[in-house]
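Q: Below is one structure. I have some questions about it.
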Amino acid sequence: MFSDDIQHPLDVRNSQVIGINEIAFDPPTAGNQKYLSKGTWNEKRVIVKRLTAQSRPEQLARQATRWHEVKHPNVLNVYGISAQSEDPQFIVLPLQENGNIGQWITSRPTFDCRPLIMDIALGMQYLHARGIIHGSLKPTNILIEPDGRACVADYDMLQVQPSRSPDAHRYYSPEAWKGTMSKPSDVFAFAMCLLEIFTSTLPWGVLTEDRIYRLVVNENARPDRPDDSEVVGKGLDDKVWGIIEECWDREARLRPNFDIIVKMWNESPAEESYSSGSQKAMPTTFFPDREATTSPVGSRLRLVARNSVRSYATGPPAYHEFGLPSDSASSSSSMTSSVGTSSSRGSGTSPFNSPPTPLTPPTMLVKQLPSRHSPLPHMPSRWSLPTQTPTRQLSADCVAYHNSTRNQTPQTASFPIQEMNLSPAISPRNESFQRTRLPQRSQSAGATPVSGLYSPRPFSPGTLETIMDNATLDERSGRVLSDSGSTISRHLSALLVVQALQSEVNEGRKKESVDGYLMKMYEIAVESDKEAFKLVNAGAVPTLIHLLKARAAEGYGVELVLIVLGTLAHDSISANIIFRTGTAATLVEISNLAQTKELESLSIWCLSRICRTAEVANGLIRLSLPSVLLRTQSRNSPGILPSMSMLCLGTLIQSDGLADYMASMGLITVIATHLRRSSEAAMPNPEDLSAGLYALARISRSIKLAKAIAKAGCVEILAHHLKTSTDPEVLHWSARSVGCLMRPNSSDISKILLQADIARGLARLPTVLPPDVVYPLGSFGFTIQRFSCAEWGGSTRKALVEAGVVDSLLAALRTAADEYQCYDVHIELALAISLLGDVGGSAIRKEIVNAGGIDILKSLSAGATGNPDVSKACNMAITSITGNLFSRNAASAKTAMAHNWNGGCADYHPPCPVTVATVN
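Using full-length UniProt numbering, you'd call the opening residue of the sequence shown number 1 and step up by one each time.
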């Protein structure tokens, strides 16, 4: 797990064995740790580190050979080890009178720490290049040489003995908590070390080990950025903080290696944008015209383009687990030279490198393509297309014909594909979408003939016609299949489509052909997240980014690229890959300069899809995205644009710190104005209301912000919709917003809510939902939990009982019990019963038992064989109702701990705001 060398016997004759009698020890002092002793050996000042009883002598001897070969100015040498007969075993190290970096910095409060941090990165770069994983990097293991340089010590010691430090867990990455030490975990520890070096305080402060585990592993939380003048004076600027955020990414593969960190550190701000000359020097990569920003992300991206991207077909590199890439072995001793380029991806003898020559299409009819729903499993979205897959019938004038074969080469081959051309038509969605429960609109009624000629206008608001060459079409599923005469499989290959698109772009063929492959890529991506990931893995993102920037400059066909790019950003990994390539700056610029609402909505939608982590949100905020979105809100333009910008504003709030920042920009007032304007409309639009309620739930992350929201008049709006609305999504987001307003011991907020008659509105919610819609019940149960914890006194309990919340909760449980796949709803309702039964007293517990609540919980627990969390929640609820005093208290405590207090409103990423149709 640590290195390859430990699996094979090593020659220990090169290691220095030092006898205990060869060392002249100093008299012990009170300040020394018991296992450390100072002394003199061979006229050198040394420190002797005694090992624990768990250390293994044979492993120590093996490691000593590796340590003996380590020679670097920023890595501490090891003079020698004890003989295997010694008890205890020990290691002899050079004595560094200046102590560790923490002690050094504490005595110099105005010292610029950045040169020392560079020393640490260089030392770790050297160790990783030799296949050595530190495993326990922390400031106490970083010593200061007499000349003021920092050097890394105690590397690879976990192979010999477990760590003695009681604070080692403060530097653990998510995978390190699970026992996996790797190079990315060293990078994570490096980020935590930087935070401690700048602040002179331990990461996570006084929090316990269990709490740190929950924050890092379960909640993906990271420490907030310190902003006091002393920390800034030590060198913690935007660039350094950006590097820290990159290094403690949750995904190990997304963290930079120390080669990238060193180069990011060395680059000056003037180097953070490409010049035209640098583009010409790199013709096989397509990352042109990156906007200069203060974020180090752009710096990192240039490094990826120079050192890791073989061609525009290759996406950002994964983290190399052991050593450097093989093609960088010639980078010699400096460890900082660039990795040489190699042949582009897909070259060789494969017959799939050259796509078929595009054909001129005949006239076809506009038909609608299927679309994948947003990744919010418990809530159907009105922003998405109907769930039914539309069928498409081929028009009678569809002519199939063969294409002439292209010139052959030994490496390429052509396939006799019977062509049938399709072209996508992009148009704005109907501003008032059909409900998902209503019948689907007739597909044939909206079909209009479109000319096969290609003459789009720059950023045209009308239908964008593009041409797509393809094989036959499955009339039942609407999926594109190859012709029976083709030798390619009947399922489109993500790799083949991406390679075909790259070939079209590289050879500079007609834009219509490129659009055809973009449409194929879209059809693959909407099938499933798995297919979308295959496209990302095949290298689609860099090509799309190149097309986006080129077409944004030309004013042609940007919409289709935005649709495909946003569709591919289906998870945090894909979104981070897109963000790291500097695409966000281009999207913000497109949104600023868009001449149509459709184009502006698409760019905002893409930015919302990319924003899935706090690190990305911080990067988007540095690009002034909130200001752009707030200006959009101030225009009060009709249509879906205000809703899309409000959803994006809510998604930007990924942490408590970001919530405070957005509130300081006046977002609470903007949300209140949006909700008030939408509520007072003659016919309130549920989409506008839901977007505002979502943003309200996202920003309510503290008692201070909840009070500001109440002061802005939002509580009355929430109460109004809970008591009058019958729209499931409005009820869902209203209940979720009410729950997010409350925190433990927030009695003031709960009183404000109860005085506004929120309890009666909540009790009404389960009674007005359609029988087949249960997802708002999850928000209903979530809010009951928050009410139960907001105040443990009798007033809240009395108000909930008098409003009929208990009866509604039991009714909701009966309704949800019939839906066996709504696991999230089952869990929320079970936890609500558990907490309400605890704070409600014996009267409520008796009422729950008499109403058959226990039987329903047992039935749910028995039926949730595929989800153990449902069984756990139901069993806790049963114990809190029927158990004795001690078991009830234990169950309610576990329930409170199981509740997610980090925000309370999950990210919501709506589907594409425009429809995509095919022109036949």
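The beta-carbon is built from N, C-alpha and C at its ideal position, and this holds for glycine as well.
How about the segment 595-604 and the segment 568-578: do they share at least three Cβ pairs that are nearer than 8 Å?
A: no
Q: Closer than 8 Å, CB to CB, is I610 near chain B or not?
A: Absent from the structure is chain B; it holds one protein chain and no more.
Q: Tell me which residue opens and which closes the beta strand (DSSP E) that K858 is part of.
A: In the sequence shown, residue 858 corresponds to position 858, counting from 1. Taken as a continuous stretch (DSSP letters only), K858 belongs to no beta strand (DSSP E), being part of the alpha helix (DSSP H) at G853 to G863.
Q: Determine the direct distance from the alpha carbon of L649 to that of L765, and round the result to whole angstroms.
A: The residue labelled residue 765 in the question sits at position 765 within the sequence shown. The residue labelled residue 649 in the question sits at position 649 within the sequence shown. Roughly 27 Å between the two C-alpha positions.
Q: Report the option in Y908, P73 and N77 whose CA atom is closest to the CA atom of A64.
A: For this step, residue 64 is matched to residue 64 along the sequence shown. Closest by alpha carbon: N77.
Q: Taking the beta carbon of I20 as the centre, do at least 16 other beta carbons fall within 10 Å, making it buried, or is it exposed?
A: Against the sequence shown, residue 20 aligns to sequence position 20. Classification of I20: exposed, given that the 10 Å Cβ count is below 16.
Q: Can you tell me where the beta strand (DSSP E) with R45 in it begins and where it stops?
A: Along the sequence shown, one-based indexing puts residue 45 at 45. Segment K44 to R50, the beta strand (DSSP E) holding R45.
Q: Pick helix, strand or coil for K707, following the three-state DSSP scheme.
A: Your numbering for residue 707 matches position 707 in the sequence shown. Three-state result, K707: helix.
Q: Which class does V152 belong to by DSSP, given the choice of helix, strand or coil?
A: Counting from 1 along the sequence shown, the entry for residue 152 is found at position 152. Note: V152 maps to strand in three-state DSSP.
Q: Three-state secondary structure (DSSP) at F780?
A: As a first step, residue 780 is located in the sequence shown; it is residue number 780 there, counting from the start. Three-state DSSP puts F780 in a helix.
Q: Look up G666 in the DSSP assignment and say whether it is helix, strand or coil.
A: The residue labelled residue 666 in the question sits at position 666 within the sequence shown. Reduced to three states, the DSSP call for G666 is coil.
Q: Let me know the alpha helix (DSSP H) ranges lying completely inside the segment 81-154, each 4 residues or longer, listed in chain order.
A: Segments of the alpha helix (DSSP H) lying fully in the segment 81-154: 101-106 and 114-129.
Q: Where E431 and I545 are concerned, what is the direct C-alpha to C-alpha distance, given to the nearest angstrom?
A: The residue you call residue 431 lines up with position 431 of the sequence shown. The residue you call residue 545 lines up with position 545 of the sequence shown. Here the model assigns E431 a pLDDT of 39, short of 50, so the residue's position is not dependable, and the following value carries that caveat. Each residue's Cα considered, the two are about 29 Å apart.
Q: Can you tell me whether L741 is helix, strand or coil according to DSSP?
A: In the sequence shown, the residue the question calls residue 741 occupies position 741. Looking at L741 - three-state DSSP - the assignment turns out to be coil, as it is neither helix nor strand.
Q: So W41 is in the alpha helix (DSSP H); what residue range does that whole segment cover?
A: The residue labelled residue 41 in the question sits at position 41 within the sequence shown. Taken as a continuous stretch (DSSP letters only), W41 belongs to no alpha helix (DSSP H), being part of the beta strand (DSSP E) at L36 to W41.
Q: Identify whether V536 lies in helix, strand or coil by the three-state DSSP scheme.
A: Start at 1 with the first residue of the sequence shown, and residue 536 comes out as number 536. Three-state result, V536: helix.
Q: Let me know if A691 comes out buried or exposed under the rule of 16 or more other beta-carbons within 10 Å of its beta-carbon.
A: Taking the sequence shown and counting its residues from 1, one reaches residue 691 at position 691. The residue is buried, with at least 16 neighbouring Cβ atoms inside 10 Å.
Q: Report buried or exposed for F886, applying the criterion of at least 16 other Cβ atoms within 10 angstroms of its Cβ.
A: Residue mapping note: residue 886 aligns to position 886 of the sequence shown, counting from 1. Burial call: exposed.
Q: Is A681 helix, strand or coil when you go by DSSP?
A: As a first step, residue 681 must be located in the sequence shown, where it is residue number 681. In the structure shown, the three-state DSSP call for A681 is coil.
Q: Under the rule that 16 or more other beta-carbon atoms within 10 Å means buried, what is R170, buried or exposed?
A: The residue given as residue 170 occupies position 170 in the sequence shown. R170 comes out buried.
Q: Can you give me the start and stop residues for the alpha helix (DSSP H) that Y171 sits inside?
A: In the sequence shown, residue 171 corresponds to position 171, counting from 1. First-last for Y171: undefined, no H or E at that position.
Q: May I have the straight-line CA-CA distance separating P868 from W605, to the nearest angstrom?
A: As a position in the sequence shown, residue 868 is number 868, starting the count at 1. As a position in the sequence shown, residue 605 is number 605, starting the count at 1. Distance between the alpha carbons of P868 and W605: 35 Å.
Q: S603: buried (16+ other C-beta within 10 angstroms of its C-beta) or exposed?
A: Stepping through the sequence shown from its first residue, residue 603 is reached at position 603. So S603 ends up on the buried side.
Q: Starting from E245, follow the alpha helix (DSSP H) in both directions and report where the run begins and ends.
A: Numbered from 1 along the sequence shown, position 245 holds the residue referred to as residue 245. Unbroken alpha helix (DSSP H) run through E245: D238 to C247.
Q: What separation, rounded to the nearest whole angstrom, lies between the Cα atoms of I878 and I854?
A: Position 878 of the sequence shown, counted from the first residue, corresponds to residue 878. Position 854 of the sequence shown, counted from the first residue, corresponds to residue 854. Distance from the CA of I878 to the CA of I854, rounded to the nearest whole angstrom, comes to 6 Å.
Q: Answer with buried or exposed for D156, where buried requires no fewer than 16 other C-beta atoms within 10 angstroms of its C-beta.
A: One-based indexing of the sequence shown puts residue 156 at position 156. Counting Cβ neighbours within 10 Å, D156 comes out buried, since at least 16 surround it.
Q: G841: which of A816, V870, M521 and V801 sits nearest, CA to CA?
A: Locating residue 841 in the sequence shown gives position 841, where the first residue counts as 1. Looking from the CA of G841, the closest CA among A816, V870, M521 and V801 belongs to V801.
Q: In this structure, how does DSSP classify T915 when only helix, strand and coil are distinguished?
A: Looking up residue 915 in the sequence shown gives position 915. Reduced to three states, the DSSP call for T915 is strand.
Q: Does DSSP put A24 in a helix, in a strand, or in coil?
A: As a position in the sequence shown, residue 24 is number 24, starting the count at 1. Of the three classes helix, strand and coil, the one that applies to A24 here is strand, per DSSP.
Q: Residues bridged to V75 by DSSP?
A: Translated into positions along the sequence shown, residue 75 becomes position 75. Bridge partners of V75: V152.
Q: In chain order, which beta strand (DSSP E) runs of at least 3 residues are fully inside the segment 726-773?
A: none
Q: Are the segment 722-734 and the segment 676-692 in contact at 8 Å, needing three or more beta carbon pairs?
A: The segment 722-734 is in contact with the segment 676-692.
Q: In this structure, does DSSP put V232 in helix, strand or coil?
A: For the purposes of this step, residue 232 is identified with residue 232 of the sequence shown, where counting begins at 1. Correct three-state label for V232: helix.
Q: By the three-class DSSP mapping on this structure, what secondary structure does V206 have?
A: As a working note, residue 206 is residue 206 in the sequence shown. Three-state result, V206: coil.
Q: Opposite V715 in the DSSP bridges: which residues?
A: Position 715 of the sequence shown, counting from 1, holds the residue named residue 715. In the DSSP output, where bridge partners are listed per residue, V715 has none listed.
Q: So, is E246 buried or exposed, given that buried needs 16 or more other C-beta atoms within 10 angstroms?
A: The count along the sequence shown starts at 1 and reaches residue 246 at position 246. Looking at its Cβ environment, which holds 16 or more other Cβ atoms inside 10 Å, E246 is buried.
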